[in-house]
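Below is one structure; the comments refer to it alone.
Protein chains: 2
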Amino acid sequence: MTKGIKQSIMEIVAEDLEKVEIALEQNLNPNVELVKKIASHLLFSGGKRLRPLLMIHSARLCGYHNGFEIQFSTIFEYLHAATLLHDDVVDEAAVRRGKKAAHTKWSAPEVVLTGDFLLARALGIAAKTKEPEIISVIAKITRDMSQGEIDQLAKKGKLDLSEQEYLEIIERKTAVLIQGACQSGAILAAAQKEKEAALSQYGFHLGMAFQMADDLLDYTASAKELGKNPGADMREGKLTLPLIHSLANASVEDGKWMKDMIAAPRFNPDDFEKLKEKLYEYKGIQYTKDRAQDHVKKAKACLNGFSDGQSKQLLCLIADYSIERKV
Amino acid sequence: MTKGIKQSIMEIVAEDLEKVEIALEQNLNPNVELVKKIASHLLFSGGKRLRPLLMIHSARLCGYHNGFEIQFSTIFEYLHAATLLHDDVVDEAAVRRGKKAAHTKWSAPEVVLTGDFLLARALGIAAKTKEPEIISVIAKITRDMSQGEIDQLAKKGKLDLSEQEYLEIIERKTAVLIQGACQSGAILAAAQKEKEAALSQYGFHLGMAFQMADDLLDYTASAKELGKNPGADMREGKLTLPLIHSLANASVEDGKWMKDMIAAPRFNPDDFEKLKEKLYEYKGIQYTKDRAQDHVKKAKACLNGFSDGQSKQLLCLIADYSIERKV
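Top to bottom, those sequences are chains A and B. For the first sequence, position 212 matches number 212 in our numbering, and the numbering has no gaps at all. To convert, take the position in the second sequence, counting from 1, and add 1000; that gives our numbering.
If you want it as structure tokens, here you go:
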């Protein structure tokens, strides 16, 4: 089934995707060679360009067809890349998109400053939209993401993280950017406020589903599929929904074992397999799938008010794909 | 003399300064307690608020008196603080504004993310100006500053740094932001393009003078005056104009001794005093003073086309102050 969705998506986006790739390269335009190297390392290592595509088709769904949507959509890939670079430093994650994380090849300061440069590029292109509302959206995204990351950092290793706290973290760290991409498409198209709100809500639910699916994959996918080792979140002390829900339902004994394992700096593969069994046993996996599925349903419902066509079809497919994907 | 200039400046700005302080606190508005702590640590530790004052009086010099200039001026203090936070991580500087650098109290990731938050605040307020040109200016500032810092990082310890390379670095790391503050004031006031360009040029020359004076102080001021140890730049492998010019004019023997000293990770106070003597002997100190003085002259000349009044007087005083100050 996944292959079917992915193929349908690719058929719709192939042409845009090529244009987005070209725009991403042309707009980058750094003066300093090292900045180009570091930024390109991340930017051109096979991203899905989900955020640009969402902005493009949100704009088109609202009747925008001026062609500028391709240029402006790069804003959201640059923003995404900027936050990934800063996150790499924050998480000290060793692998990102199957490649070595930027900061293991370059120093943390170089990576931080390249992130700043990408943010600046996003901003420079955003200024060209001449839409102060898009700038406000970007300001909100940056504000929420930075605070979400700090919040997550402060809550690292917190064994009693609640579902509510988890939801706030993933909203800020993931949903807000996807939401902003969709909303900005509507703003660019000068859509009615209700349509802008509907697309913003679509993006929010899609983002929540997307992150929950990501958090599931960290337990269910293989290292090869993920492009990084599974269980990475846990090793970094980040509790995600599969674990939070399972902990809430586990027997005292199993709960203690699970918490000890999270607190241990390293664990062997057998223990990780045993933990995964517990996540199935205590329904953490199923519960997370259900919540993600709820968000997908809500996301698609937000599109009801729009007329049928390729863009609506694509946004629906992306919603389905968000939880079906294996990477 | 310095005290005279400083007093004259304070008399003009005292009232605005109070309002700027209040606006800086009100606009900060973080959701996460830790962000507030880290941001406040830097933001409210006795900054001169030079950049907000420059924007305010550039706007007024162009006839803007709506009162919003106070709110909007905070953009440039937040931007400044954001870059200081990222620089702290980059430089691993131990002391800033006489207080411990943020990153020695908090982790580098926390400091980076708080910097991102401040950047987001700057952006959020900039969006409220509804002036896409101000956003473009901010984008340019962020782009140039991040690239300038990376460039400086790449050139750390480069013993043959040229005056031209030095000028490019300080333009990006200091002048661009001061220039942007002045230019944005003119944009806010919807000034004619020639006036905007004149204020932009004023800001550029002021920024260059300001940084050269800073680089002088690193050799000529005491630890108490500086709020940090003198010679810090050299210890970090950063060659600035006093040293660059002296190296170019030193005897082979003295040049070798100076280069050895720069390359040494530590040096004793006597050696530092001896180095300072060389900087006087080979005219590095005087040359830098002269170049800074040139920039001050050019900065003031940019104001010729404006009518006399308090704002023009202030901008002239600030230009003089930039090289007379002891801190």
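All C-beta atoms, glycine included, are put in the ideal place defined by N, C-alpha and C. These figures come from a predicted structure and were not determined experimentally.
At a cut-off of 8 Å between beta carbons, Q1183 (chain B) makes no contact with chain A. Considering only B:I1075, B:I1141, B:T1220, B:Q1293, the residue with the shortest C-alpha distance to E1277 (chain B) is B:T1220. Counting only the Cα atoms, E168 (chain A) lies some 17 Å from F1117 (chain B). CA-to-CA, the gap between Q1147 (chain B) and D218 (chain A) works out to about 35 Å. K1300 (chain B) sits buried, since 16 or more C-beta atoms from the chains shown fall within 10 Å of its C-beta. Contact residues of the stretch 14-47 of chain A toward chain B are P30, N31, V32, L34, V35 (C-beta to C-beta distance below 8 Å). For E77 (chain A), the closest Cβ of chain B is not nearer than 8 Å. Closest in C-alpha terms to Y202 (chain A), from the list A:R143, A:V296, A:L226, A:M212, comes A:V296.
For Y166 (chain A), the enclosing alpha helix (DSSP H) covers residues 163-170. Apart from the 5 residues on each side of it in sequence, G180 (chain A) sits with its Cβ closer than 6 Å to the Cβ of V137, I141 in its chain, given in chain order.
Burial state of H65 (chain A) is exposed, judged by a 10 Å Cβ sphere holding fewer than 16 other Cβ atoms. Taking CB atoms only, R1121 (chain B) has a neighbour in chain A less than 8 Å away.
No Cβ-Cβ contact shorter than 8 Å links I5 (chain A) with E273 (chain A). At a cut-off of 8 Å, the C-beta of G1203 (chain B) has no neighbouring C-beta in chain A. Inclusion of I1075 (chain B) and A1122 (chain B) in the CB contact set at 8 Å is warranted, their separation being smaller than that value. In terms of CA proximity to I1022 (chain B), B:S1040 leads the group B:E1011, B:L1034, B:S1040, B:V1032. When 9 Å is used as the limit between beta carbons, A1154 (chain B) is near these residues of chain A: V32, E33, L34, E110, in chain order. From the listed residues A:I38, A:V89, A:R51, A:K130, the smallest Cα separation to S322 (chain A) is found for A:R51.
Look at the beta carbons and you see the stretch 1152-1170 of chain B touching the stretch 1232-1249 of chain B: at least three pairs across the two are nearer than 8 Å.
Residue environment: V1112 (chain B) is assigned as buried (16 or more neighbouring CB atoms within 10 Å of its CB, all protein chains considered).
Against chain B, a Cβ distance below 8 Å from G124 (chain A) picks out S1136, A1139, K1140, R1143. DSSP places F117 (chain A) inside the alpha helix (DSSP H), whose first and last residues are 108-128.
Rounded to whole angstroms, the separation of the alpha carbons of K48 (chain A) and T174 (chain A) is 15 Å. Close to A127 (chain A), with beta-carbon spacing below 7 Å, are these residues of chain B in chain order: P1132, I1135, S1136, A1139. Burial is judged here by how many other beta carbons sit within 10 angstroms of a residue's own beta carbon; V1252 (chain B) has fewer than 16 and is exposed. For Q1179 (chain B), no CB of chain A lies under 8 Å from its own CB, so it is not counted at the interface with that chain. Residue nearest to D233 (chain A) within the set A:F204, A:R266, A:K256 is A:R266 (criterion: CA-CA distance).
For E149 (chain A), the enclosing alpha helix (DSSP H) starts and ends at 132-154. Counting only Cβ-Cβ distances below 7 Å, H245 (chain A) has no contacts in chain B at all, with the closest Cβ about 25 Å away. DSSP places T288 (chain A) inside the alpha helix (DSSP H), whose first and last residues are 284-301. Counting the other Cβ atoms within 10 Å of the Cβ of Q1152 (chain B) gives 16 or more, which makes it buried.
L1275 (chain B) places its beta carbon less than 8 Å from that of M1261 (chain B).
Bounds of any alpha helix (DSSP H) do not take in Q192 (chain A), whose DSSP letter is neither H nor E. Q1183 (chain B) counts as buried, since at least 16 other C-beta atoms from the protein chains shown sit within 10 angstroms of its C-beta.
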